[in-house]
Structure formats: structure tokens, C-alpha cells
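One structure below.
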Amino acid sequence: MATERLEFPSTEVLNTADKPGQRPRLITGGLGLHDITRVVSRLSEAPAPPRGWWILFLASVGLLILLFAMIGYLIFTGVGVWGVNTPVSWGFAIVNFVFWVGIGHAGTLISAILFLFRQKWRTSINRFAEAMTIFAVMCAGIFPAIHVGRIWVVHWLFPLPNQMHLWPNFRSPLLWDVFAVGTYFTVSLLFWYMGMIPDLATFRDRAPGKIRRVIFGLLALGWRGSNRQWLNYEKAYLLLAGLATPLVLSVHSVVSFDFATSQLPGWHTSIFPPYFVAGAIFGGFAMVVTLAILARQVLGLRNIITLHHLENMAKVILATGMMVGYAYGMEFFTAWYSGNPTEAFTFVNRALGPYAWAYWIMIGCNVVAPQVFWFKKARNSIWLLFIVAMFVNVGMWFERFVIVVTSLSRDFLPSSWSYYMPTSVDLLTLLGSFGLFFTLFLLFLRYAPVVAMAEVKSVMEDVHPHAEEHEPLGDYWGDEPGAHTERERLLRANGGAQ
Amino acid sequence: MSHGQRHSPTAEQLAANRPLLGPRGRLLAVSALVIGAVGLAASYLLGNGQADNLRHFYFAYLVAYCFWLSIALGALFYTLIHHLLRDTSSVVVRRIAEQLAGTLPFMALLILPILIPILSGSSELYWWLDPVVRESDALIIHKSGYLNLGFFVARLAVYFAVWIALAGLFRGISLRQDATGGTAPTLQLWKYSAPAMLLFAVTTTFFAVDVIMALDAHWFSTIFGVYFFAGCMVGAYGLLVLSSVLLQAGGYLRAVITPEHYHDLGKLLFAFLFFWGYIAFSQFMLYWYGNIPEETGWYLRRFSGDWLGWSVALLFLHLLIPFPIMLSRFIKRRRKLLAVMAVWLLIAHWLDLYWLIMPEYNAAALPLSLLDLTCLVGVGGLMLGVYIWLAGGQALVPVRDPNLTESLNFENV
Numbered sequence: 153m154a155t156e157r158l159e160f161p162s163t164e165v166l167n168t169a170d171k172p173g174q175r176p177r178l179i180t181g182g183l184g185l186h187d188i189t190r191v192v193s194r195l196s197e198a199p200a201p202p203r204g205w206w207i208l209f210l211a212s213v214g215l216l217i218l219l220f221a222m223i224g225y226l227i228f229t230g231v232g233v234w235g236v237n238t239p240v241s242w243g244f245a246i247v248n249f250v251f252w253v254g255i256g257h258a259g260t261l262i263s264a265i266l267f268l269f270r271q272k273w274r275t276s277i278n279r280f281a282e283a284m285t286i287f288a289v290m291c292a293g294i295f296p297a298i299h300v301g302r303i304w305v306v307h308w309l310f311p312l313p314n315q316m317h318l319w320p321n322f323r324s325p326l327l328w329d330v331f332a333v334g335t336y337f338t339v340s341l342l343f344w345y346m347g348m349i350p351d352l353a354t355f356r357d358r359a360p361g362k363i364r365r366v367i368f369g370l371l372a373l374g375w376r377g378s379n380r381q382w383l384n385y386e387k388a389y390l391l392l393a394g395l396a397t398p399l400v401l402s403v404h405s406v407v408s409f410d411f412a413t414s415q416l417p418g419w420h421t422s423i424f425p426p427y428f429v430a431g432a433i434f435g436g437f438a439m440v441v442t443l444a445i446l447a448r449q450v451l452g453l454r455n456i457i458t459l460h461h462l463e464n465m466a467k468v469i470l471a472t473g474m475m476v477g478y479a480y481g482m483e484f485f486t487a488w489y490s491g492n493p494t495e496a497f498t499f500v501n502r503a504l505g506p507y508a509w510a511y512w513i514m515i516g517c518n519v520v521a522p523q524v525f526w527f528k529k530a531r532n533s534i535w536l537l538f539i540v541a542m543f544v545n546v547g548m549w550f551e552r553f554v555i556v557v558t559s560l561s562r563d564f565l566p567s568s569w570s571y572y573m574p575t576s577v578d579l580l581t582l583l584g585s586f587g588l589f590f591t592l593f594l595l596f597l598r599y600a601p602v603v604a605m606a607e608v609k610s611v612m613e614d615v616h617p618h619a620e621e622h623e624p625l626g627d628y629w630g631d632e633p634g635a636h637t638e639r640e641r642l643l644r645a646n647g648g649a650q
Numbered sequence: 006m007s008h009g010q011r012h013s014p015t016a017e018q019l020a021a022n023r024p025l026l027g028p029r030g031r032l033l034a035v036s037a038l039v040i041g042a043v044g045l046a047a048s049y050l051l052g053n054g055q056a057d058n059l060r061h062f063y064f065a066y067l068v069a070y071c072f073w074l075s076i077a078l079g080a081l082f083y084t085l086i087h088h089l090l091r092d093t094s095s096v097v098v099r100r101i102a103e104q105l106a107g108t109l110p111f112m113a114l115l116i117l118p119i120l121i122p123i124l125s126g127s128s129e130l131y132w133w134l135d136p137v138v139r140e141s142d143a144l145i146i147h148k149s150g151y152l153n154l155g156f157f158v159a160r161l162a163v164y165f166a167v168w169i170a171l172a173g174l175f176r177g178i179s180l181r182q183d184a185t186g187g188t189a190p191t192l193q194l195w196k197y198s199a200p201a202m203l204l205f206a207v208t209t210t211f212f213a214v215d216v217i218m219a220l221d222a223h224w225f226s227t228i229f230g231v232y233f234f235a236g237c238m239v240g241a242y243g244l245l246v247l248s249s250v251l252l253q254a255g256g257y258l259r260a261v262i263t264p265e266h267y268h269d270l271g272k273l274l275f276a277f278l279f280f281w282g283y284i285a286f287s288q289f290m291l292y293w294y295g296n297i298p299e300e301t302g303w304y305l306r307r308f309s310g311d312w313l314g315w316s317v318a319l320l321f322l323h324l325l326i327p328f329p330i331m332l333s334r335f336i337k338r339r340r341k342l343l344a345v346m347a348v349w350l351l352i353a354h355w356l357d358l359y360w361l362i363m364p365e366y367n368a369a370a371l372p373l374s375l376l377d378l379t380c381l382v383g384v385g386g387l388m389l390g391v392y393i394w395l396a397g398g399q400a401l402v403p404v405r406d407p408n409l410t411e412s413l414n415f416e417n418v
């Protein structure tokens with residue numbers, strides 16, 4: 153990949169100016185339709201990945217091995233290797249589960265909900281955000297499975313007919329979780345794969361070698377790009393987007409039910425479902441920003457994932473961060489307003505008790521840090537974006553920690569109160585889960601179309617070549633004065649190469 | 006691109022020949038105001054005739070008031086989110102929302118029939134104002150720092166000050182743009198929309214907490230503000246659709262608001278009716294499952310006796326039946342069918358507010374009476390009269406909004 157140099161400038165283009173009546177250009181640097189294919193295919197078609205990829209990949213695989221080692225140790229020894237004990241019987245495993253499921257929300261939100269809202273900027277980021285979703289849900293799925301203790305009967309989570317007439321408790325939200333996460337994973341995977349078919353066909357058609365051609369040919373399911381195929385594709389896309397949209401809401405709502413259906417102060421409150429969904433989108437977007445910044449800097453995607461895209465994501469982070477802050481506020485207010493002394497105690501204990509440090513990390517990262525995004529300068533600064541996104545990643549993990557641990561560690565019986573401490577196995581398993589996530593993500597970067605090429609092309613000016621003859625119809629193509637001229641100038645500079 | 010199929014006027018034509026309501030609008034406004042005044046007078050007489058210290062009147066009035074206010078608030082939110090999301094497709098209907106939100110100063114006056122009695126010592130509506138309760142009820146004593154007359158009224162004043170300021174600001178700048186044109190007003194509106202949203206969220210939430218939730222001052226729910234907001238949006242989208250359809254039926258904005266815009270309005274009406282269902286379910290399911298007496302008492306009132314039927318009706322009329330109907334693209338793109346659904350959902354929204362408020366008046370039996378109708382007509386007539394009057398003074402679309410061209414040519418792709 154290092155062999156093919158990019159002729160187009162890969163410096164930052166400030167396309168974030170607010171201009172009423174005009175749309176910012178989503179693809180900068182004068183990239184044409186074919187350039188999108190070239191830029192996106194480069195990494196996958198290079199004979200060997202760059203050294204940076206190898207370094208990251210080996211580090212990730214190392215962590216992945218660590219994860220497997222920890223899981224093996226857990227299974228052979230028992231859950232006693234974790235820090236969980238009465239009364240805190242839900243520790244890192246559930247915190248990590250909720251954290252990873254939350255991360256897995258942004259992908260489908262971007263690909264489904266933003267699609268329904270006609271947010272065309274989503275096309276540059278939806279592919280890897282969806283991949284991120286799938287990998288995050290895989291990471292999430294591990295934790296409840298190993299958390300059951302006797303993992304050799306983990307299939308009892310599913311309502312499988314058996315001779316003992318033993319069924320899971322259908323009234324338990326933990327079972328609803330199995331269904332909700334399972335459905336979400338299935339639909340997200342289908343959505344991701346179906347959206348990728350035209351791009352897989354592009355890879356097939358460009359394949360330099362036979363093996364590559366056969367593999368991508370099989371994956372592309374005979375895609376020829378005919379009108380009829382596109383018609384079916386777009387219909388299926390819309391239908392899947394419509395189906396995936398309520399799923400985005402339902403998954404984290406059901407996860408919130410795990411807590412909120414109980415009677416435990418700090419868990420049982422009616423705002424939990426929308427609050428968890430907002431938090432998941434918040435945390436998910438932070439992870440998308442983190443990965444987007446890394447990908448665009450490393451893979452030279454600056455002109456495809458532009459500052460405008462990053463600014464929009466910063467705005468989403470600010471908005472959802474405020475929603476999370478609203479929920480924190482309403483919980484606190486109602487804890488006092490209800491007049492229920494245990495509720496009030498729980499919330500005061502969060503802020504001032506033994507876990508105050510975790511609570512204030514949560515507030516600082518989730519409520520205070522995103523406030524910088526009120527300023528356009530901050531939204532346009534790569535560094536600040538990255539730093540705040542990291543803060544949010546940390547903050548959203550701590551939010552789940554605060555919810556799970558503070559409420560459990562101070563239950564109704566003061567004699568059983570205790571202070572939960574994770575063991576090194578807990579910490580290393582969390583670390584290892586990042587290994588799984590990044591291993592899968594790096595494999596995706598190396599082998600799959602990282603950007604939805606076909607979709608990006610549909611929002612470029614070149615697909616609407618006669619734009620200037622028409623009224624400005626208000627899409628992204630050609631409505632910025634000089635857009636065409638800039639492209640022509642660049643083409644001339646490159647000797648007309650297309 | 007359907008070139009030549011529609012004959013929408015261009016933005017320039019609209020700016021040169023501003024679509025106005027004209028004298029017909031003034032007549033309509035005055036008639037609405039008269040009907041409203043008559044309705045209100047009848048309500049007062051009916052309420053006074055019951056010899057219950059006007060208790061029934063206050064509750065019935067509160068339902069009607071919250072219904073119409075929620076629509077104005079939803080319209081204000083519509084305006085804010087339009088600018089926050091840099092929406093370009095629905096510019097042609099934004100003025101309608103701006104004028105609806107423009108009734109908020111008048112709505113501040115219309116709260117006086119319940120506020121003045123409260124200020125003069127009545128505790129018919131809010132039993133926590135009763136001096137005996139305030140000294141004997143442990144929970145009310147606990148909450149007295151928040152639930153006391155002075156702070157209650159001061160908070161209401163703040164909410165209305167914020168809403169009047171926001172509605173005035175967003176309507177004012179938009180109207181100024183009609184005269185001046187240019188992009189500066191739009192940039193201003195974009196800039197103010199984000200902080201305005203914060204103010205809107207906080208004030209609307211606590212309005213719902215203070216005015217509706219505190220009818221049962223023992224009960225509490227963290228989601229209640231969101232629940233009220235969801236209803237506001239169903240009401241606002243309902244009236245937006247209805248206003249557009251009626252305007253077109255009267256010969257206005259004929260080629261300006263197209264099936265494409267109705268399709269979008271219909272989608273959002275659908276989205277918010279679903280959102281309402283999601284929020285209502287979240288609250289109900291968690292309280293039912295938790296089964297804690299201090300939380301379930303509120304639902305128990307609504308699930309016993311006559312109210313059970315009302316609760317079931319609400320579930321079906323506000324969610325389960327309109328949900329599959331509103332899925333249909335066919336209906337969303339036909340203004341008459343969509344108008345039927347808008348009326349349906351407006352009624353459902355009223356059912357919802359009635360369900361929130363009236364069991365606190367009478368938990369034993371349905372207090373449905375003529376008073377409910379006269380209050381609805383009374384407050385509604387006055388509010389709609391002001392709305393039509395305001396709308397009559399200005400162009401019916403923001404004629405010099407830089408995004409108007411895009412909105413006129415908008416198509417769902």
C-alpha cells in the first residue's frame with residue numbers, strides 16, 4: 153500500500169463553514185469517482201500491509217491471547233478469580249458487557265437512523281462504524297457467557313427443548329437480553345454485509361490475483377450492478393434500515409431493564425431505557441470518532457472522512473452528552489423529590505461515598521469534557537476531538553461501573569456492605585477484550601472495503617454531471633460555486649489521469 | 006427529479022408575491038376568538054353550577070390548557086430542531102410552527118384562571134397547597150423546599166419567560182428575514198438554536214413535573230418530562246399537518262406544500278407516536294415490574310374502575326392502531342388521509358392528557374362531562390384565534406429564507 157502514492161492533497165480542508173443555502177462538500181481534495189475506489193481499495197490490494205498495521209495487529213493479537221488465557225483460567229478455576237462477592241455479585245463482567253454493547257450502538261444508528269434522516273454525510277463513516285458495532289457486540293457477548301460460572305451449560309440461556317422440561321425464566325430481563333442482543337447482532341451483521349455487496353463486487357472486479365477474485369466473487373453473490381439489482385438493493389436497504397431503527401432503541405432499553413426492573417435504589421427508575429440509549433449513542437459515537445481519526449490519519453482518508461464529518465459527530469456527542477447529563481440530573485432530583493431515604497442515600501453515596509472518585513470521573517468525562525464542543529474551533533480541532541472522545545470512552549465505562557457497583561455495594565443490609573475491588577484477572581480480561589476488538593477491526597481494515605464506496609459516490613458532484621443546468625436542487629453535488637473548476641484544475645495538474 | 010411535472014412557484018416569485026391569509030383570516034380569527042370566549046364563559050358557568058368550589062372546572066380547564074399549550078410547545082421545539090439540524094426540506098411549513106409558538110405569550114395569560122385561585126389560597130387543584138396537609142404530611146414537609154406556593158409561581162414565571170423569549174426570538178428573526186433577506190438571520194437562528202434547546206428541555210421538563218406530576222405530589226417518575234415532551238410533539242405535528250391541509254383547502258400554498266412535505270410530516274408524526282409509546286411503555290413496564298407501592302398507586306388509580314377502559318383505549322388509540330396505519334406511505338402522501346390521522350392523533354393526545362390529569366380529580370369514576378368539551382373549545386378557540394390572527398399578519402412561508410428553493414424542490418429519495 154505504501155507503493156502507490158496518492159496524487160491528491162491529503163491535507164486538511166476546512167469544509168465546515170456554515171453557509172445557509174449551500175451544502176458543504178462531503179468529499180474534498182478534488183477526488184473523483186474513481187479516486188474513491190482507488191483510495192479505499194489500496195490497503196486491501198497491497199501485497200503486504202504497512203508496518204504500522206503489523207505493529208498494531210501483533211499488539212492486538214497479544215491482548216487477544218491474554219483474553220483467551222484469562223477466560224481459560226476463569227473456566228478452569230471458577231469465578232472466584234474475579235473480585236465479585238456478596239453483595240457486589242455483578243462486577244467487571246457486567247460493566248464490560250454494557251460498555252461494549254453501548255459501543256455497538258453507533259454503527260447501526262449511523263447506518264439506519266441517519267439513513268432515514270437523509271444525513272448523507274453518514275456514507276463516509278457508516279461502513280467502519282457498522283464493523284465496529286459488530287465487533288463490539290461480539291466483545292459484549294463474551295462477558296455474560298463467561299459470567300454464568302458453569303460455562304459448559306451456557307446453552308441453557310437459550311430456550312432449548314430438553315428432556316428435563318427445564319426452561320429459562322421468560323419473565324427475567326436477562327433472558328430478554330439474550331434475545332435482544334442476538335437479534336441486534338443478526339440484523340446488524342446482515343445490514344453490514346448487504347450494504348457491502350456492491351463494494352465486494354468492486355474488489356472482485358479489481359482483483360489482481362485469482363484467489364482474491366474467487367473469494368470476493370463468492371462474497372459478492374453475483375453482483376453485476378444492473379438496474380434491477382440496484383432497485384432490489386435499495387429496497388432491501390430501506391427495509392433493513394427501518395427494521396434496524398427500533399432495534400437500536402430496543403437493545404439498550406432491554407439492557408437497562410436488567411437493572412431497572414429490580415427494586416434496587418439507583419437501578420430502579422423509569423428514565424433508564426431512554427437514558428441508556430442516549431448513553432450508548434454517546435459512547436458509540438466517541439468510539440467512532442476515535443477510530444475515524446486513527447483511520448483517516450493512517451490510511452490517508454482525510455478527503456473522505458473530512459472535518460465536516462468529524463464536526464457533525466462532535467455535535468452528536470455534545471447533544472447525547474447533554475441528554476446523559478439530563479438523566480443524571482433527573483435521577484438526582486427525583487431521588488430527593490421522592491422522599492425515599494434509600495434513594496437519596498444512594499445518590500449522595502455515589503457523589504460523596506467510597507466510590508466518589510469513579511462518580512466524578514464519570515461526571516468529568518461525560519458531562520464536563522464534551523462542553524468544549526460548544527465551540528466551533530474545538531469541533532474542528534483533530535486533537536481536541538480525539539482527546540474528548542477518549543474522555544468519553546473512559547467516562548462511559550465508568551458510568552456503568554458507577555451504576556453496577558455503587559448500588560450493589562451499599563444494599564439494604566448495612567452489615568453486608570463492602571468495597572468491591574477488581575482482581576488482576578478482571579483488569580486483564582477487560583484489557584484482553586480490547587485485543588479481540590482491535591484484532592477484528594484491523595483484519596477488517598486490511599481485507600474489507602473500509603468505506604462504502606458506492607454510497608460515497610452517490611453523494612458526490614460527479615454523479616450529477618449536469619447540475620449547473622438545473623436549479624440548485626439542494627443535494628451535495630455541485631452546489632458549491634467552483635466545485636467543478638477545482639476538480640478540473642486538479643485533473644489537468646495530474647495530466648488528465650482519471 | 007420531476008421536471009415540469011409540478012409548477013411550484015420559485016422562491017423569488019414567493020418573495021415578490023407573498024402568500025398572505027388576507028381578510029378571510031381576520032374573520033376566521035375573530036370567529037375563533039368569539040367561540041373561545043363563549044366556550045370559556047360556558048365552562049365557568051357550568052363549573053360554578055356544580056357548587057364544588059370550581060374544583061371540577063379547574064381540572065377540566067387544566068386538561069384543555071395543557072392540551073393546547075403542549076401543541077404550542079411542540080411547535081417551538083419544531084422551530085428549534087429545524088434550525089439545530091440545519092433542516093432545509095421543511096422550510097415551507099416552518100412559518101406555521103413559528104406562528105403556533107407565537108401564541109405562547111397569550112398562553113401565559115390563559116394560565117391565570119387556574120393560577121389566580123391558587124394565589125388566593127385555593128388548594129382544589131394541588132392538594133399539597135392545603136395548610137393542613139403542609140403541616141401533617143411527612144412527604145409534603147420533606148418536599149416543601151420545592152413544593153411551596155412562592156417557588157411554584159416563580160418557576161412558572163421562569164418557564165413562561167423562557168418560552169416567550171425563545172418563541173419571540175425565533176419568530177422575530179425569521180419575520181425580519183422576510184423583509185431583509187440575506188443569510189445573516191439564518192446564521193443567527195442556527196447559532197441560537199443549540200442553547201435554546203437546553204433551555205427548552207429544562208423548562209418543559211419541570212413544567213410537566215410541577216403542573217401535571219405534582220397533582221399527585223407523592224408520586225414521582227424520572228421520565229415524566231420526556232413523556233410530556235413526546236405528547237407535545239404528537240400534538241404539534243398533528244396540528245402542523247392539519248393547518249397545512251386546511252390552508253391548502255382554502256386555496257393557499259397550493260403548489261408550495263407538496264406530497265413530499267406531507268410525507269415527511271407524516272413520517273415524523275409516526276416517529277413521535279412511536280416515541281410516545283416507547284416512553285409510556287418504559288415508565289409503565291418498570292413500575293409494573295418493580296411493583297413498589299409508592300410508584301404503582303398512580304397506575305392503580307388508572308387501572309381500576311372506569312379508568313381501566315380509558316387506559317386500554319389510550320393504548321389502542323394512541324399507539325397500537327395508528328402505528329400500522331401510519332406505516333403506510335400511501336396515507337402519508339395523501340393530505341386528506343393524513344389529515345384524518347392528524348385529527349385522530351390530536352384526539353389521542355387529548356385522551357392522554359385527560360388520563361394524566363383527571364384521575365387525580367376523580368379516581369372512582371370517569372368525570373367526563375360537557376365541561377370538558379367547553380373547556381377544550383374555550384381555550385382552543387382563543388389560542389387558535391390568536392394563532393390565525395398572528396399568521397394573518399405575515400407571509401405564510403419564510404419567503405426569503407435562503408433554503409426555501411431547496412425546500413420547494415424537495416423530494417423524498
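Top to bottom, those sequences are chains A and W. Note that our numbering has the first sequence beginning at 153, numbered continuously upward. Note that our numbering has the second sequence beginning at 6, numbered continuously upward. Note that CB positions come from ideal geometry on N, CA and C, so glycine has one too.
Output yes or no for whether 8 Å exceeds the beta carbon distance between residue i and residue j.
{"i": "A:Gly259", "j": "A:Ser196", "result": "no"}
{"i": "W:Leu252", "j": "W:Gly41", "result": "no"}
{"i": "A:Trp344", "j": "A:Ala288", "result": "no"}
{"i": "W:Leu81", "j": "W:Val239", "result": "no"}
{"i": "A:Ser570", "j": "A:Ser576", "result": "no"}
{"i": "W:Gly310", "j": "W:Ala369", "result": "yes"}
{"i": "A:Ala487", "j": "A:Ala496", "result": "yes"}
{"i": "W:His266", "j": "W:Val98", "result": "yes"}
{"i": "A:Pro506", "j": "A:Leu470", "result": "no"}
{"i": "A:Thr431", "j": "A:Glu607", "result": "The amino acid occupying residue 431 of chain A in the given sequence is Gly; Thr does not appear at that position. No, they are not a contact pair."}
{"i": "W:Thr379", "j": "W:Leu51", "result": "yes"}
{"i": "A:Ala466", "j": "A:Leu537", "result": "yes"}
{"i": "W:Ile330", "j": "W:Met346", "result": "yes"}
Alpha helix (DSSP H) containing residue i: first to last residue?
{"i": "W:Met388", "result": "Leu375 to Gly398"}
{"i": "W:Phe212", "result": "Ala189 to Phe212"}
{"i": "W:Gly240", "result": "Phe229 to Ala254"}
{"i": "A:Thr229", "result": "Arg203 to Thr229"}
{"i": "W:Pro136", "result": "Pro136 to Ser141"}
{"i": "A:Tyr571", "result": "It is not in any alpha helix (DSSP H) - A:Tyr571 carries neither H nor E in the DSSP assignment."}
{"i": "A:Ser196", "result": "Leu185 to Glu197"}
Determine the chain C residues that contact residue i at a beta-carbon separation under 9 Å, and present them in chain order.
{"i": "A:Phe424", "result": "The structure shown contains no chain C; its protein chains are A and W."}
In the DSSP output, which residue or residues are listed as bridge partners for residue i?
{"i": "A:Asn237", "result": "A:Val240"}
Quick check: is any heavy atom of the ligand ZN less than 7 Å from the C-beta of residue i?
{"i": "A:Leu399", "result": "With respect to the ligand ZN, the structure shown offers nothing to examine, as it has no ligands at all."}
Say whether the region 580 to 593 of chain A touches the region 209 to 217 of chain A, bearing in mind that this needs 3 or more beta-carbon pairs closer than 8 Å, one atom from each stretch. yes
Residues from the region 309 to 335 of chain W in contact with chain A, defined by Cβ distance under 8 Å: Cβ contacts with chain A: none found.
The region 343 to 359 of chain A / the region 599 to 607 of chain A touching (three or more Cβ pairs under 8 Å): yes
Would you check if the region 268 to 275 of chain W and the region 244 to 251 of chain W touch, i.e. whether three or more CB-CB distances between them fall below 8 Å? yes
Contact between the region 406 to 422 of chain A and the region 255 to 271 of chain A is defined here as three or more beta-carbon pairs at a separation below 8 Å; is this criterion met? Look at the beta carbons and you see the region 406 to 422 of chain A not touching the region 255 to 271 of chain A: under three pairs across the two are nearer than 8 Å.
Using a Cβ-Cβ cut-off of less than 8 Å, give me the residues of the region 138 to 151 of chain W that come near chain A, in sequence order. Ala143, Leu144, His147, Lys148 and Tyr151
Could you name the residues of the region 458 to 484 of chain A whose beta carbon sits closer than 9 Å to any beta carbon of chain W, in the order they occur along the chain? Lys467, Leu470, Ala471, Met474, Met475, Tyr478, Ala479, Gly481, Met482 and Glu483
Quick one: any contact between the region 30 to 44 of chain W and the region 309 to 324 of chain W, if contact means 3 or more CB pairs under 8 Å? Touching, no, given that fewer than three Cβ pairs across the two stretches are closer than 8 Å.
Could you check whether the region 410 to 418 of chain W touches the region 103 to 122 of chain W, counting it as contact only if at least three pairs of C-beta atoms, one from each stretch, sit closer than 8 Å? no
Check whether the region 433 to 451 of chain A touches the region 290 to 299 of chain W, taking contact to mean three or more Cβ pairs, one atom from each stretch, closer than 8 Å. no
Residues of the region 397 to 409 of chain W with a CB closer than 7 Å to any CB of chain A: list them in chain order, please. Pro407 and Asn408
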